[in-house]
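Heads up: the structure comes next, in structure tokens.
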Amino acid sequence: MINAEFQRITTHPLETTFMAQLDSLQPQLTSVFQRKGVVTEATSDVHSKRAAVLRALCLYLGEDDGHLIHEYMDIKGNDIQTGMQRCTMGIYVISKENGDPGHYDDTGMFNEGVIILDNIGSEAQACAVMLGVIYALNLAYPKELRHYYEFIQKVLFVYSVNCEGMSSVISNATAVSVPRR
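By the working numbering, the letter at position 52 of the sequence shown is numbered 67, and the numbering carries on one by one without gaps.
Structure, rendered in structure tokens:
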């Protein structure tokens with residue numbers, strides 16, 4: 016539903032465009048992050064690479080990656096609701112205490128303290144779907160992640176927006192040519 020509504024609004028498939036663009040920019044972004052002292056994980060797992068780049072993007076843009084992805088360990092039921100009250104919108108991941116890094120029991124999204132989607136495949140997929148929810152419901156970007164979403168919109172989806180500041184800086188730093196529409 017979310018993917019279909021996003022495509023209706025923008026004429027672009029949500030998840031395939033998001034992942035393809037993220038994968039194509041990953042080497043450039045990783046290089047920029049490392050030059051600026053923002054560390055990304057060295058891993059061969061594509062899902063872990065994507066998650067590391069998205070988290071590093073938040074840090075590079077001066078935003079707290081903890082506002083984007085909230086990590087919980089061995090948490091059950093309503094306990095998760097307490098942690099979600101601190102942010103307007105975000106992604107949560109639940110893992111076991113001795114579980115494999117990057118492998119979660121659940122990945123989902125919340126808005127205003129309420130879980131709106133769960134059992135999403137990966138952190139990167141949840142980030143894509145969250146953008147789709149924002150578009151489908153015509154929501155404003157969460158203010159604590161404004162630069163992150165402006166970058167995603169302008170660079171990954173090549174949509175023209177009035178982005179000042181950090182999104183322009185990182186776009187120039189990655190030397191990505193953004194075609195005009």
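From the three backbone atoms N, C-alpha and C, an ideal C-beta is built for every residue, glycine too.
Handout entry: C-beta neighbour in chain D for M124, strict 7 Å
Key = Checking the listed chains, one finds no chain D in this structure; it contains a single protein chain.
Handout entry: Continuous alpha helix (DSSP H) assignments of at least 4 residues falling wholly in the region 103 to 144
Key = none
Practice task
Mind checking who I84 pairs with in its DSSP beta bridge?
Solution key: The residue labelled residue 84 in the question sits at position 69 within the sequence shown. DSSP, once it has assigned bridges, lists I106 as partnering I84.
Problem - Selected residue, minimal CA-CA separation from V53, among F33, M88, Y75 - result: The count along the sequence shown starts at 1 and reaches residue 53 at position 38. Considering only alpha carbons, the answer is Y75.
Practice task
Specify, as a first and last residue, the run of the alpha helix (DSSP H) that V47 falls within.
Solution key: Residue 47 sits at position 32 when you count from the first residue of the sequence shown. From DSSP, the alpha helix (DSSP H) with V47 extends over 29 to 50.
Exercise for the section: Measure how close the beta-carbons of L72 and F166 come, nearest whole angstrom, since I'm counting them as under 8 Å. Expected result: Position 57 of the sequence shown holds residue 72. Position 151 of the sequence shown holds residue 166. Confirmed, about 7 Å.
Handout entry: Under the three-state DSSP convention, the category R23 falls into
Key = Taking the first residue of the sequence shown as position 1, residue 23 is located at position 8. Residue state for R23 is assigned as helix, using DSSP reduced to three classes.
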